[in-house]
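Read through the structure below, which is laid out as structure tokens, and then see the notes.
Chains as they are written, first to last, in our numbering: chain D, 1002 to 1114; chain P, 4 to 117.
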């Protein structure tokens, strides 16, 4: 039972355009969400996060949007750069005092020069 | 700061053999996590420790898997006996309790069981 889903395994975008990566979740008790980026042969690195009490968080070229009623979050990258080519994972946490991430299966983004 | 260190980076073994993966968390971090990445299931949490104590091992797939954290700077994940379906990339991550939720991942160990 996949509580966090990334339904698009891959995405290709032209350099300079917007990249939109999507993530859906089923557990309404999740109260914090994160995006991680992973390059080949490296571990995931933290990118951006959002609390469930917010609907938007922005950090430079990266913005995460949260729609709680739809149980949906998205990561926008504007403008996309070739160095953004990586696998992006969304993760959710239920803040019950544990720190367990539930990860999605990832979306491979390719930014074309 | 060297980050989270994992060894070996690659391990190839034969079915039935014992495999030990090692992790050194970032100094000062008091939570440690072991994950497994596969194509089908993505990143799955296997077990995590807080202050060297196992808190949740519900993700450990079978009794063949065991993990220890004898001190704050070292943890092992052992598979005995190993099977081909254990082939995956295993990541270790650590976290500082003063941070919100961010975890820092090591580079991973790619395990191949023949």
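A virtual CB, placed ideally from N, CA and C, is assigned to each residue, including glycine. Computed from a predicted structure; not experimentally measured.
{"Asked": "When DSSP builds the beta bridges, which residues end up paired with residue 16(P)?", "Found": "116(P)"}
{"Asked": "Any chance you could list the beta strand (DSSP E) runs of at least 3 consecutive residues sitting entirely within the stretch 1061-1108 of chain D, in chain order?", "Found": "1063-1068, 1073-1078, 1087-1094, 1102-1104"}
{"Asked": "Give a yes or no on whether the minimum CB-CB distance between residue 1101(D) and chain P is below 8 Å.", "Found": "yes"}
{"Asked": "Under a three-way DSSP split, which group does residue 89(P) fall into?", "Found": "helix"}
{"Asked": "Spell out whether any CB of chain D is found under 8 Å from the CB atom of residue 31(P).", "Found": "no"}
{"Asked": "Quick one: list the residues of chain P neighbouring residue 1040(D), beta-carbon separation under 8 Å, in chain order.", "Found": "By Cβ distance, chain P contributes nothing, its closest Cβ being about 10 Å from residue 1040(D), past 8 Å."}
{"Asked": "For residue 1045(D), would you say it is in contact with chain P, using Cβ-to-Cβ distances shorter than 8 Å as the test?", "Found": "yes"}
{"Asked": "For residue 104(P), which of helix, strand or coil comes out of DSSP?", "Found": "coil"}
{"Asked": "For a test of the three-state rule: what should DSSP assign to residue 1112(D), helix, strand or coil?", "Found": "strand"}
{"Asked": "Is it the case that the Cβ atoms of residue 33(P) and residue 78(P) are separated by a distance below 8 Å?", "Found": "no"}
{"Asked": "Grouping DSSP H, G and I as helix and E and B as strand, with all else coil, what is residue 73(P)?", "Found": "strand"}
{"Asked": "Please name the residue or residues paired with residue 53(P) in a DSSP beta bridge.", "Found": "34(P), 56(P)"}
{"Asked": "Using a Cβ-Cβ distance cut-off of 8 Å, determine whether residue 1(P) contacts chain D.", "Found": "Residue 1(P) lies beyond the residue range present for chain P, which begins at 4 and ends at 117; the question has no answer from this structure."}
{"Asked": "To be precise: take each residue of the stretch 1082-1094 of chain D, compare its Cβ to all Cβ atoms of chain P, and keep it if any distance is under 7 Å. Which residues remain?", "Found": "1090, 1094"}
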